[in-house]
Amino acid sequence: MASIAQVWEGEARLMDNAAAQTQVTYKELARLFLRLSVTAFGGPVAHVAIAEDEIVQRRQWLTREHYLDLIAATNLIPGPNSTEVMIHVGYTLRGIPGAVVTGTCFIVPSFLLTLALGVIYVSTGALPEINALFWGIKPVIVAIIANAGYRLMQSALKVRALWVLFIVSAVIIGLLNVPEVVVMLGAGLVYALYRIQRPQISAWLLMGMQPLWQTSVTAMANPSLLDIFAYFLRIGAVLFGSGYVLIAYIQQDVVNTFGWLTGQQLLDAIAIGQTTPGPVSTTAAVVGYIIAGYAGAVVATLGIFLPSFFFVILSAPFIPGMRRSPFMSAFLSGVNAGVIAAILITLIDLTHVALLTLDGTQFSPIAIALAVASLFALVRFQINATWLIAAGGLVGLLVGWLGVA
C-alpha cells in the first residue's frame, strides 16, 4: 500500500505534467480569479457555474469530468464549498502556490467589497442602489446556472442509474429539505454500493458523517480579537456544505449564545453577504466589523477561510487516485448526481426570486426577458458571463432609477 508521501510525490508529478501541458501562469490564475471574485454573484452554486464557464468551457484548463470531481471532493471536507473548488483548481494547475493564488484572489476582493458595504450599511442603514444593481444581475445568474447545469448534467449523468439517483436526490432536497451535503454523500454511498456491492464500506462513510460540526461553545460577553479569530477558525474547520450553513451557526452562537450581535444586526450582515459577489462566507467580515471594527473583520475572515486552504492542500493529492479505485470512482459519480440535483433545486429557488419585480410583489416581464436573452447569448453566441453580469447590473440600475420594474 502506497504511503502518504508516495501519493503526494506521484500526484506532484502528475500535476507538473498537467501544468506543463496547459501552461497556465500565476498571472493568468490571478487575473481570472480576481475577476471572478467581483463578478460571481448568486451564491455557491452560481460561483461554481460561472467558474465552469471560464475554466472548462472557455479556457479548457480542466475537463468537465475533472471539474465535477473537484466539486464532489469539496463535499467530503469541511469548509465553504465554492471557495474550496477555486482553491482545488489552483492546486490542480499549479500546486500549492497555485492554490494560494486562486484562493486569495477569490477571497480578498470580495472581502474588501463586503467590508466597504458593511461600513456604509451600518452607517446609513440602507443601500437602495445596490438592491437595484443586484436585481438586474439575478436574472443573468439564473441563465448562467441553467447553462452550466445543463453542460455538467451531460457529463455527470451517463447511465440510467445515475439519472434515477439525480431525480431522487432532487426530490429529497427540494421537498424534504434534507441538507444538500447529506444528500450528496448519501447518493455517493448508494451508487458505490450499487456498483461495487461492498456494504462494509458504509461504516467508513457513516464515520465521516458523524455530527463533527456540533461544537461546544461558551458565552463571551466581551470577546477579544483572539476570541473572534478562534471562533471563526473553529467554524471554518467543521463547516460542511455551502457558506449559507454559516448563517445558521452565527444565529445560534453569535446571537443566541454569545450575544455579540442582535438579530437585526445579523440580518444586516446577511444582506451584505448576499448582495456582494464572491464567497458568501465573507459575511463573517461584516460580523467581525460589527463586533470589533476593522481588526475584527480581518481576524474573522482569516479564521473562516484558513482551514479551507489546509483541507484542500491536504486532500487534493488523493483525488486522482479516487478515480482509480472502483468504489471511490462510483462514489464520486453518485456524489456528482447529487451535485446536479442541488444545482437544479438552487436554479428553481433562484428563478422564483430573480424574476420578481424590484418590490418582490409579482413577476417582472423585464427580468424574464433579461434571463431569456442572457441564456440565448450564452448558448448561441457564447458571450462571456462577466459581460452579461455587467449588462444585467446596468439594466438593474436603470430600472431602479426609472422605477419601471
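Per our numbering, residue 1352 is the first one in the sequence shown, and the count goes up by one each step.
Each residue gets a CB set at the ideal place from its N, CA and C atoms; glycine is no exception.
Residue i versus residue j - alpha carbon distance
{"i": "residue 1714", "j": "residue 1706", "result": "6 Å"}
{"i": "residue 1497", "j": "residue 1605", "result": "36 Å"}
{"i": "residue 1616", "j": "residue 1610", "result": "11 Å"}
{"i": "residue 1536", "j": "residue 1694", "result": "15 Å"}
{"i": "residue 1460", "j": "residue 1437", "result": "14 Å"}
{"i": "residue 1447", "j": "residue 1727", "result": "38 Å"}
{"i": "residue 1543", "j": "residue 1495", "result": "31 Å"}
{"i": "residue 1656", "j": "residue 1412", "result": "25 Å"}
{"i": "residue 1647", "j": "residue 1629", "result": "20 Å"}
{"i": "residue 1302", "j": "residue 1468", "result": "This structure cannot settle anything about residue 1302, because the visible part of the chain is limited to 1352 through 1756."}
{"i": "residue 1668", "j": "residue 1712", "result": "49 Å"}
{"i": "residue 1501", "j": "residue 1588", "result": "32 Å"}
{"i": "residue 1409", "j": "residue 1733", "result": "9 Å"}
{"i": "residue 1746", "j": "residue 1487", "result": "6 Å"}
{"i": "residue 1584", "j": "residue 1431", "result": "12 Å"}
{"i": "residue 1753", "j": "residue 1374", "result": "48 Å"}
{"i": "residue 1532", "j": "residue 1464", "result": "28 Å"}
{"i": "residue 1741", "j": "residue 1724", "result": "14 Å"}
{"i": "residue 1546", "j": "residue 1489", "result": "40 Å"}
{"i": "residue 1699", "j": "residue 1686", "result": "20 Å"}
{"i": "residue 1442", "j": "residue 1389", "result": "21 Å"}
{"i": "residue 1528", "j": "residue 1376", "result": "42 Å"}
As assigned by DSSP and simplified to three states, the class of residue i
{"i": "residue 1392", "result": "coil"}
{"i": "residue 1707", "result": "strand"}
{"i": "residue 1609", "result": "coil"}
{"i": "residue 1432", "result": "helix"}
{"i": "residue 1514", "result": "helix"}
{"i": "residue 1624", "result": "helix"}
{"i": "residue 1465", "result": "helix"}
{"i": "residue 1554", "result": "Because the pLDDT of residue 1554 is 39, which lies under 50, any placement of that residue in the model is unreliable, and the question is left without a value."}
{"i": "residue 1482", "result": "helix"}
{"i": "residue 1505", "result": "helix"}
{"i": "residue 1541", "result": "helix"}
{"i": "residue 1445", "result": "helix"}
{"i": "residue 1752", "result": "helix"}
{"i": "residue 1601", "result": "helix"}
{"i": "residue 1629", "result": "coil"}
{"i": "residue 1734", "result": "coil"}
{"i": "residue 1374", "result": "coil"}
{"i": "residue 1410", "result": "coil"}
{"i": "residue 1529", "result": "coil"}
{"i": "residue 1575", "result": "coil"}
{"i": "residue 1676", "result": "coil"}
{"i": "residue 1695", "result": "helix"}
{"i": "residue 1498", "result": "helix"}
{"i": "residue 1426", "result": "coil"}
Counterpart residues of residue i in DSSP-defined beta bridges
{"i": "residue 1714", "result": "1707"}
Cβ-based neighbour list, residue i, same chain, cut-off 6 Å, excluding 5 preceding and 5 following
{"i": "residue 1435", "result": "1425, 1659 and 1663"}
{"i": "residue 1697", "result": "1396"}
{"i": "residue 1456", "result": "1381, 1384 and 1385"}
{"i": "residue 1509", "result": "none"}
Spatial neighbours of residue i in its chain, beta-carbon cut-off 7 Å, leaving aside the 5 residues before and after
{"i": "residue 1719", "result": "1706"}
{"i": "residue 1638", "result": "1601, 1605, 1612, 1620 and 1651"}
{"i": "residue 1482", "result": "none"}
{"i": "residue 1499", "result": "1400, 1403 and 1404"}
{"i": "residue 1684", "result": "1513 and 1542"}
{"i": "residue 1636", "result": "1462, 1465, 1466, 1469, 1648, 1651 and 1652"}
{"i": "residue 1516", "result": "1538, 1541, 1542, 1685 and 1688"}
{"i": "residue 1744", "result": "1484, 1487 and 1488"}
Whole-angstrom C-beta distance between residue j and residue i, which should lie under 8 Å
{"i": "residue 1404", "j": "residue 1736", "result": "5 Å"}
{"i": "residue 1462", "j": "residue 1633", "result": "5 Å"}
{"i": "residue 1506", "j": "residue 1415", "result": "4 Å"}
{"i": "residue 1709", "j": "residue 1492", "result": "Contact flag wrong, Cβ pair sits at about 16 Å."}
{"i": "residue 1391", "j": "residue 1401", "result": "5 Å"}
{"i": "residue 1642", "j": "residue 1579", "result": "6 Å"}
{"i": "residue 1452", "j": "residue 1380", "result": "5 Å"}
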